[in-house]
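Below is one structure, written out as structure tokens; the observations come after it.
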Amino acid sequence: MTLKSAYTARELLAILSARQLKDGQVVFAGVGIPLLAATLAQRLHCPGLTILFEGGVIGALIEPGKLPPSTNDQRCTQRANMVLSSADVLLLLQRGYIDVGFMGGAQIDQYGNLNSSFIGDPKKPTTRLPGTGGGNDISSLTNMIVAMQHEKRRFVEQVDFITSPGWLRGRDTRRESGLPAGGMFRVVTDLAVFGFDEETRRMKPLALNPGVTREQVQDNTGFKLEFTHDTGVTEPPTEHELSLLRTLDPERLFIA
Amino acid sequence: MTLKSAYTARELLAILSARQLKDGQVVFAGVGIPLLAATLAQRLHCPGLTILFEGGVIGALIEPGKLPPSTNDQRCTQRANMVLSSADVLLLLQRGYIDVGFMGGAQIDQYGNLNSSFIGDPKKPTTRLPGTGGGNDISSLTNMIVAMQHEKRRFVEQVDFITSPGWLRGRDTRRESGLPAGGMFRVVTDLAVFGFDEETRRMKPLALNPGVTREQVQDNTGFKLEFTHDTGVTEPPTEHELSLLRTLDPERLFIA
Amino acid sequence: MSEVIPYSKLRKDIAQRDRSLREKVVSLEEAASFVHDGDSVGVGGSTMSRTPMGLIWALIRAKRKKLSVSRCIVSSDGDLLFGSGACERITTSWFSQGILWGVSKVMRHYAETGKARYDEWSHMALGMRFRAGAMGIPFMPIRSMLGSDVLQLRPEAKEMDCPFTGEKLLLVPALNPDVALIHVQRCDPYGNAQIDGLQFMDMDLAMAANKVILTTERIITNDQIRRAPDQTKIPFFTVDAVVELPFGCAPHECYGVYEPMMRHMQYYVDLVNKDPVKGMQEYLERFVYGPKSWTEFLDLIGLDDLLVAARAGKSIYDT
Amino acid sequence: MSEVIPYSKLRKDIAQRDRSLREKVVSLEEAASFVHDGDSVGVGGSTMSRTPMGLIWALIRAKRKKLSVSRCIVSSDGDLLFGSGACERITTSWFSQGILWGVSKVMRHYAETGKARYDEWSHMALGMRFRAGAMGIPFMPIRSMLGSDVLQLRPEAKEMDCPFTGEKLLLVPALNPDVALIHVQRCDPYGNAQIDGLQFMDMDLAMAANKVILTTERIITNDQIRRAPDQTKIPFFTVDAVVELPFGCAPHECYGVYEPMMRHMQYYVDLVNKDPVKGMQEYLERFVYGPKSWTEFLDLIGLDDLLVAARAGKSIYDT
Chain A
53 MTLKSAYTAR ELLAILSARQ LKDGQVVFAG VGIPLLAATL AQRLHCPGLT ILFEGGVIGA
113 LIEPGKLPPS TNDQRCTQRA NMVLSSADVL LLLQRGYIDV GFMGGAQIDQ YGNLNSSFIG
173 DPKKPTTRLP GTGGGNDISS LTNMIVAMQH EKRRFVEQVD FITSPGWLRG RDTRRESGLP
233 AGGMFRVVTD LAVFGFDEET RRMKPLALNP GVTREQVQDN TGFKLEFTHD TGVTEPPTEH
293 ELSLLRTLDP ERLFIA
Chain B
53 MTLKSAYTAR ELLAILSARQ LKDGQVVFAG VGIPLLAATL AQRLHCPGLT ILFEGGVIGA
113 LIEPGKLPPS TNDQRCTQRA NMVLSSADVL LLLQRGYIDV GFMGGAQIDQ YGNLNSSFIG
173 DPKKPTTRLP GTGGGNDISS LTNMIVAMQH EKRRFVEQVD FITSPGWLRG RDTRRESGLP
233 AGGMFRVVTD LAVFGFDEET RRMKPLALNP GVTREQVQDN TGFKLEFTHD TGVTEPPTEH
293 ELSLLRTLDP ERLFIA
Chain C
4 MSEVIPYSKL RKDIAQRDRS LREKVVSLEE AASFVHDGDS VGVGGSTMSR TPMGLIWALI
64 RAKRKKLSVS RCIVSSDGDL LFGSGACERI TTSWFSQGIL WGVSKVMRHY AETGKARYDE
124 WSHMALGMRF RAGAMGIPFM PIRSMLGSDV LQLRPEAKEM DCPFTGEKLL LVPALNPDVA
184 LIHVQRCDPY GNAQIDGLQF MDMDLAMAAN KVILTTERII TNDQIRRAPD QTKIPFFTVD
244 AVVELPFGCA PHECYGVYEP MMRHMQYYVD LVNKDPVKGM QEYLERFVYG PKSWTEFLDL
304 IGLDDLLVAA RAGKSIYDT
Chain D
4 MSEVIPYSKL RKDIAQRDRS LREKVVSLEE AASFVHDGDS VGVGGSTMSR TPMGLIWALI
64 RAKRKKLSVS RCIVSSDGDL LFGSGACERI TTSWFSQGIL WGVSKVMRHY AETGKARYDE
124 WSHMALGMRF RAGAMGIPFM PIRSMLGSDV LQLRPEAKEM DCPFTGEKLL LVPALNPDVA
184 LIHVQRCDPY GNAQIDGLQF MDMDLAMAAN KVILTTERII TNDQIRRAPD QTKIPFFTVD
244 AVVELPFGCA PHECYGVYEP MMRHMQYYVD LVNKDPVKGM QEYLERFVYG PKSWTEFLDL
304 IGLDDLLVAA RAGKSIYDT
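Residue numbers (this note's numbering), protein chains in the order written: chain A, 53 to 308; chain B, 53 to 308; chain C, 4 to 322; chain D, 4 to 322.
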């Protein structure tokens, strides 16, 4: 608690996200917090972790201070093991070579569905958002970790538009729709870490971030959360985690 | 006629085959006489002709005396414009980039169907032949020129097994089977050059080779041929054609 | 564009093309004349990478109209195509100026008002549409998009029960653009092209399109191509025109040659996102219609910025 | 092998594989232990090119049985697999020792008597079966084989009317071998492989298989791989074992390294075609079971012939 002001919300997000990854995993990462977190994990507990980018990159090693502006830039290929066509790197997801998809999110609902296409009615939207990119493919074909800011307008009961499928309408609806593999695994926010109920497939809090109350989390969430005695509290970022993270983004492009 | 003994049957075959090609064409060639003929054509009237090989080669330039032993050897890539995967070079046929497929044949029938799989009943064959290779794909997907020895047992009414489809059972049967493009165009033998009737799709003699009679051709053919007043006589090989051809195969591997 | 072209027409179109080994070098202006009003246009590269910006710039200057554009991921190229009135529909998986700048106000202006269409497919689905087109088949089966609302908006795709496994599949329709615009690091005068680094969907796009226009940083000899045939990524017979155009992706990047000119991009984004109509108009007047040539456009970006971008571009090889 | 593996099983199998970045270098004998009796085995290269002969040699020595082998075009490798009793079924498009030698008497002996099966597909159809396997889809639509008797013998393929165009198509089933054997010019200890020149179907095969064993002319460092990532053809996480095996395709060729050892091939063909049973037995005794190591086998081919083959192999770069 005394360290509370010693790190930003985004730093916390990056560090808690990094902790979700396991050594040896093959991770399909988006830019921003996901890439930062995956790179951080590589330098902490996951030396054998492989990062893939949608632009067609396997096993990139991101240099501190040289974070690529998108997953389709040459910087993504820095010291990579392989560069292949973007269609072919996405097909690796379909074939099953990828353990984890790791993305940011604009809007999520209780079943982990993500919206990055439309705010309002798709036929006459208030806002046309950029769209899915590889998000739909990644979330359709592998296990997902999403890192995002926790705000009530972002955590809604039902997204306006399912761009990237989570558990759809819960229970078996994902499998029944033709998506037998993968699914939403973790949501990491600046307030808490969430999993999904094995049966109902509804989002459930696993652990509160340091210094955060259950009420705070519920107040910032547009649907009912069920806290149980299992709901834990996350260890705060360590000095080592923080200093490594700050080395990776010295200009604080993603962690400010 | 006085030159008759001045060239071998295979030399004639190669030269008459070369004459079937047009400048600027993209030609999928088999090894042996087809490759020799296509290379000869390049050095005669087709400087802008492109040769493709099944192994994954676009635009090879075969060096005299260095004819590759198959379409899958490194020699096929000599000074080529592109090397790609063998599946992808075959897909060029399906997409339609290839003007002519150019192969040898073991057994052909009146509708230009080729057999390179079984002699006798496929369930209990007298001889199991090597099989289709790319032959089925080439003849299914583009216009075919076949160069082969003219023998009665090779020119049969109906092949034992359709490995590479010509016009199938004639008339519209090829299109009706799902093969709307390509088809057997020319058969070049040591006795004559054949085309196919636009309607019935039966093989018909277009021109006799120098010094060959209609009777000779019919006697060596297992089905009835219709000669008309249009049936012409081919010009004999020129000195230029012969000397160039012999430069290409100095060891006489394919022209003896 | 959402309709699958019948195989008979695909074959007829390709049979009529001159696929002989011949020189195809033309000026940027001539190249633009290969694209006609109403054409479906496939654009190579992705986001801010290897975008054929010179060709897009030339098409806008040539006043092309009613183009229907497809590209895996669309950046400021899409803004310009909508904003100039050259394009009525963009088929892509993601459309903004770049992740750094949030949502494109130009895209929003056109898509939200219905002045132009943004048809959204998943990234892989669009790749498989080009691939089916490249392979000469009418569709490709895939396992994504199912269950999502992205699919709800795309009746052009069809669900199917697999005749082998009974599994649910999505069949996405082949996409065979009338013309593809692709920028490469180098090619010969026939159009045999080498692409370094990220290839995106350009090989499939070249095979799928019925016409290909290449711009290239540098024209090399056919001898150079033939010395390393396994480095050729696009074969000459798919190509109809070749334009030598250094910095032909500016202000976007070209792998190993230059990174994006970020100062110009920032200026552009600020300008058009402040007012997607007037800002765009100002940009077009000053940077597209104004300069007499591509080199004059580059001069407006500024030599300083070009050199910085070129230095960063080559640094990918400093390993 | 003709049955399509359900997606759930494909995914389960791949999830259980260790896909981490780790060293995988083993001996040839250890590598052979990755293949089990009854496995379906995909073999890389084509005809006499980049055939993983060392691995096949090791599998025969290890007395593997009931293998079901698939390869785009099969040469003397298929003879040995049938003749040694290691393999019961070969799925390919063409099977003989090489065009130079006519029909393989070994293939004939086994195929005509029903002692083993040769399942014939068109070359492209087999390629599309591997590609569907590589892409994680249950089939690929194609436009060849239709109307032919090759199709009549392959009820595993299904005809279909295209839901987009009404055209007749053939759906060929995905082929996902239990294990793939692939020889490359160089790879790192993790299995990141570079393949020069002709690639055949090896990239699709590596992606499609549930296990990949690489033999390589030379192991290079991961640093060398990372210096030119766009030259990597097979990514490490598809690979389960790496064997450094110079002349690992002998007596076949390895692009840019050696051409086939033709004297040995001629000797072999004469021997087995004279008597496909006894001739084969003699060959196996002398060249497969006899030598103590791969190097000793190479020694039996003879250093003279290896040097001639190596000189010819490198000459492809003399342009």
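Heads up, the beta-carbon is just placed ideally off N, CA and C, and yes, glycines get one too.
Taking only beta-carbon atoms, is residue i less than 8 Å away from chain C?
{"i": "A139 (chain A)", "result": "yes"}
{"i": "G186 (chain B)", "result": "no"}
{"i": "I171 (chain B)", "result": "no"}
{"i": "D75 (chain B)", "result": "yes"}
{"i": "E106 (chain A)", "result": "yes"}
Once DSSP output is grouped into helix, strand and coil, what is the label at residue i?
{"i": "Q100 (chain C)", "result": "coil"}
{"i": "D82 (chain C)", "result": "helix"}
{"i": "Q130 (chain B)", "result": "coil"}
{"i": "A119 (chain C)", "result": "coil"}
{"i": "R227 (chain B)", "result": "helix"}
{"i": "G247 (chain A)", "result": "strand"}
{"i": "K66 (chain D)", "result": "coil"}
Counting only beta-carbon separations shorter than 8 Å, does residue i have a partner in chain B?
{"i": "N195 (chain C)", "result": "yes"}
{"i": "S73 (chain D)", "result": "no"}
{"i": "G45 (chain C)", "result": "no"}
{"i": "W60 (chain D)", "result": "no"}
{"i": "V106 (chain D)", "result": "yes"}
Please report the residue range of the beta strand (DSSP E) in which residue i lies.
{"i": "L303 (chain A)", "result": "Looking at the sequence shown, residue 303 (chain A) is not Leu but Glu. That residue, E303 (chain A), is in no beta strand (DSSP E); it is neither H nor E in DSSP."}
{"i": "V182 (chain D)", "result": "V182 to V187"}
{"i": "D278 (chain D)", "result": "First-last for D278 (chain D): undefined, no H or E at that position."}
{"i": "Q270 (chain A)", "result": "Unbroken run through Q270 (chain A) is the alpha helix (DSSP H), R266 to D271; no beta strand (DSSP E)."}
Using 8 Å as the limit for Cβ to Cβ distance, is residue i near chain D?
{"i": "D189 (chain B)", "result": "yes"}
{"i": "R53 (chain C)", "result": "no"}
{"i": "F213 (chain B)", "result": "yes"}
{"i": "D249 (chain A)", "result": "no"}
{"i": "I69 (chain B)", "result": "In the sequence as displayed, the identity of residue 69 (chain B) is Ser instead of Ile. No, no contact with chain D."}
{"i": "Q201 (chain B)", "result": "no"}
Could you give the first and the last residue of the continuous alpha helix (DSSP H) run that contains residue i?
{"i": "H39 (chain C)", "result": "Careful: H39 (chain C) lies outside any alpha helix (DSSP H) and carries neither H nor E."}
{"i": "V29 (chain D)", "result": "Note, V29 (chain D): premise wrong, no alpha helix (DSSP H); not H, not E."}
Can you confirm whether residue i, when its beta carbon is compared against all beta carbons of chain A, has any partner nearer than 8 Å?
{"i": "L208 (chain D)", "result": "no"}
{"i": "G305 (chain D)", "result": "no"}
{"i": "I228 (chain D)", "result": "yes"}
{"i": "K171 (chain C)", "result": "yes"}
{"i": "R25 (chain D)", "result": "yes"}
Compute the beta-carbon to beta-carbon distance between residue i and residue j, rounded to the nearest angstrom, for a pair I have assumed lies under 8 Å.
{"i": "M51 (chain C)", "j": "G101 (chain C)", "result": "6 Å"}
{"i": "H126 (chain D)", "j": "D189 (chain B)", "result": "6 Å"}
{"i": "Y261 (chain D)", "j": "D199 (chain D)", "result": "Actually they do not touch by this definition, with Cβ atoms about 12 Å apart."}
{"i": "G104 (chain A)", "j": "Q146 (chain A)", "result": "The amino acid occupying residue 104 (chain A) in the given sequence is Leu; Gly does not appear at that position. With a Cβ gap of about 13 Å, L104 (chain A) and Q146 (chain A) do not count as contacting."}
{"i": "C252 (chain C)", "j": "I222 (chain C)", "result": "That pair is no contact at about 16 Å."}
{"i": "D308 (chain D)", "j": "M264 (chain D)", "result": "5 Å"}
{"i": "R230 (chain D)", "j": "A132 (chain A)", "result": "With a Cβ gap of about 10 Å, R230 (chain D) and A132 (chain A) do not count as contacting."}
Specify whether the stretch 22-39 of chain C and the stretch 150-158 of chain C touch according to this definition: at least 3 beta carbon pairs, one from each stretch, less than 8 Å apart.
no
Pairs of beta-carbons, one from the stretch 100-112 of chain D and one from the stretch 80-90 of chain D, closer than 8 Å: are there three or more?
yes
When the Cβ atoms of the stretch 164-173 of chain A are set against those of the stretch 207-227 of chain A, are three or more pairs found closer than 8 Å?
yes
Between the stretch 213-232 of chain C and the stretch 173-192 of chain C, do three or more beta carbon pairs fall short of 8 Å?
With a cut-off of 8 Å, the stretch 173-192 of chain C and the stretch 213-232 of chain C count as touching, because enough Cβ pairs lie within range.
The stretch 269-284 of chain C in contact with the stretch 140-155 of chain B per 3-pair CB rule at 8 Å:
no
Does the stretch 285-293 of chain A come close enough to the stretch 60-69 of chain A that 3 or more CB-CB pairs lie under 8 Å?
As far as the Cβ criterion goes, the stretch 60-69 of chain A touches the stretch 285-293 of chain A, which means the pair count is three or higher.
contact_flag[the stretch 75-87 of chain B, the stretch 115-130 of chain B] where n(CB pairs < 8 Å) is 3 or more:
yes
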